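The working numbering puts the sequence shown at residues 23 to 316. All C-beta atoms, glycine included, are put in the ideal place defined by N, C-alpha and C. From a predicted model like this one, the values you see are computed outputs, not experimental measurements. To start, the structure itself, in structure tokens.
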Amino acid sequence: EIKVNGVTMPNLISDVGIAGFDESILLFSLNTPIQEEQDITISYFGEHIASSGLVLDSLTNYFVYNAVNNSNSIHTIPGRIQAEDFFEMSGIQTEPCTDVGGGENVGYIEGGDWMKYNVQVTQSGLYKVVNRMAGFEGGTLLLTFNDSIQTEVDYSPTNGWQNWADFTTNIFLEEGFYTLQVHAQSAGFNINYYDFELLSTSVQNESSVIHHIEVYPNPVKELLNVEFSANHSQDVTIKLIDLTGKTVQEFHNGDIAFGSNRFTFSLNPNLPKGTYFIEIKDPMNRHFKKIIKD
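Take a look at the structure:
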């Protein structure tokens with residue numbers, strides 16, 4: 023049976039079946055559409071639903087996330103995304119959270135479960151991602167933006183389902199709209215929220231020593247030219263970083279001249295094809311230029 027706002031709806035279900043794309047998912051066909059913000063629970067008693075040799079256990083007032091019209095909810099980065107504020111998910115449940123701030127957390131997570139969020143990145147730059155997690159097992163959580171930009175966060179046991187700790191990773195994101203998918207690689211943990219903190223930006227400001235940065239050719243195969251102007255002579259570092267903010271090659275660590283500067287760097291021939299960023303770091307700022315390794 024299905025309850026809507028605590029009231030049993032005896033004629034709401036027209037059909038029940040197992041999803042062909044995932045035998046752990048039940049699909050319900052309804053005679054009347056669910057409305058936005060209605061509270062939905064499902065109860066089941068019997069031994070008639072089975073999949074892959076396993077019989078579905080009885081359920082009593084099992085919480086069902088109502089995603090009607092929530093697909094238009096867009097989370098802003100930098101900022102905090104509550105784990106339970108997904109627009110689509112597979113396999114997880116929510117539960118009351120005793121962490122600071124209360125609310126709910128995502129739990130009952132198994133390997134292969136996932137959540138999706140609509141996000142808008144308002145500033146291009148390198149972000150620190152703080153994942154607030156708890157559980158009895160260690161592992162790796164995968165965050166993917168638009169099915170292409172990925173970062174992983176390693177987490178360790180906190181020895182309690184509500185013993186919360188921060189686990190961090192970095193990722194470079196450009197301004198724009200994304201679908202963020204958080205994918206569980208293993209079981210045994212809960213998630214409260216994800217904090218995206220802007221560590222540095224590619225936007226130049228009045229304190230910048232470096233100006234008018236150009237990188238070419240782009241895409242590049244072997245030799246990359248980097249040109250920029252400097253307000254005065256000082257030490258800088260020039261690195262190649264990947265989408266997680268990890269340094270994959272260091273090109274220069276030392277003095278630059280006042281005025282125009284031009285460098286030619288050889289890319290590591292073993293560097294995989296893909297998207298990278300040239301980082302030029304002076305004592306006050308970090309500057310980024312995206313390149314494509316061909």
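query: N-terminal and C-terminal residue of the beta strand (DSSP E) that P118 is part of; result: Q115 to P118
query: Cβ-based burial, K261 [other Cβ within 10 Å; buried from 16]; result: buried
query: Range of the contiguous beta strand (DSSP E) that encloses V258; result: Q256 to I263
query: Continuous beta strand (DSSP E) assignments of at least 3 residues falling wholly in the stretch 145 to 184; result: 147 to 157, 161 to 167 and 171 to 177
query: Through-space distance from G125 to E23, alpha-carbon basis; result: 27 Å
query: Burial state of K295, where buried means 16 or more other Cβ atoms lie within 10 Å; result: exposed
query: Secondary structure of L195, DSSP reduced to three states; result: strand
query: Cβ separation of D176 and F189, assumed to be a contact under 8 Å, to the nearest whole Å; result: 7 Å
query: Residues that S80 bridges to, as DSSP identifies them; result: DSSP, once it has assigned bridges, lists no residue as partnering S80.
query: 8 Å Cβ cutoff met for F287 and V248; result: yes
query: Collapsed DSSP secondary structure at Q203 in the structure displayed; result: strand
query: Cutoff 7 Å; reference K303; Cβ partners in own chain excluding five residues on either side; result: V258 and T259
query: Member of D169, T30 and T173 whose CA lies at the smallest distance from the CA of T201; result: D169
query: Proximity below 8 Å, CB of I263 to CB of T269; result: yes
query: Reduced DSSP category for G101 - H, G, I as helix; E, B as strand; rest coil; result: strand
query: Neighbourhood of G253 by C-beta distance below 6 Å, restricted to the same chain and skipping five residues each side; result: Note on identity: in this sequence residue 253 is Asn, with Gly being the wrong assignment. Cβ neighbours of N253 beyond the five flanking positions: V231.
query: Buried or exposed by the 16-neighbour rule on C-beta atoms within 10 Å, applied to M12; result: Here the chain comprises residues numbered 23 to 316, so residue 12 is not present and cannot be evaluated.
query: Cα-Cα separation between N240 and L289, rounded to whole angstroms; result: 13 Å
query: Whole-angstrom C-beta distance between E58 and V90, which should lie under 8 Å; result: 5 Å
query: Backbone CA spacing between N153 and D217 [nearest angstrom]; result: 7 Å
query: Touch test, the stretch 111 to 126 against the stretch 141 to 148, Cβ-Cβ under 8 Å, three pairs minimum; result: no
query: Contacting residues, own chain, Cβ-Cβ under 6 Å from S51 (five flanking each side not counted); result: S36 and D37
query: Beta-bridge pairing of I64 - partner residues as DSSP gives them; result: I24 and Y84
query: Paired residues, beta bridge with A252 - DSSP; result: I232 and G281
query: Cβ shell of S178 (< 6 Å), same chain only, five flanking positions each side left out; result: G160
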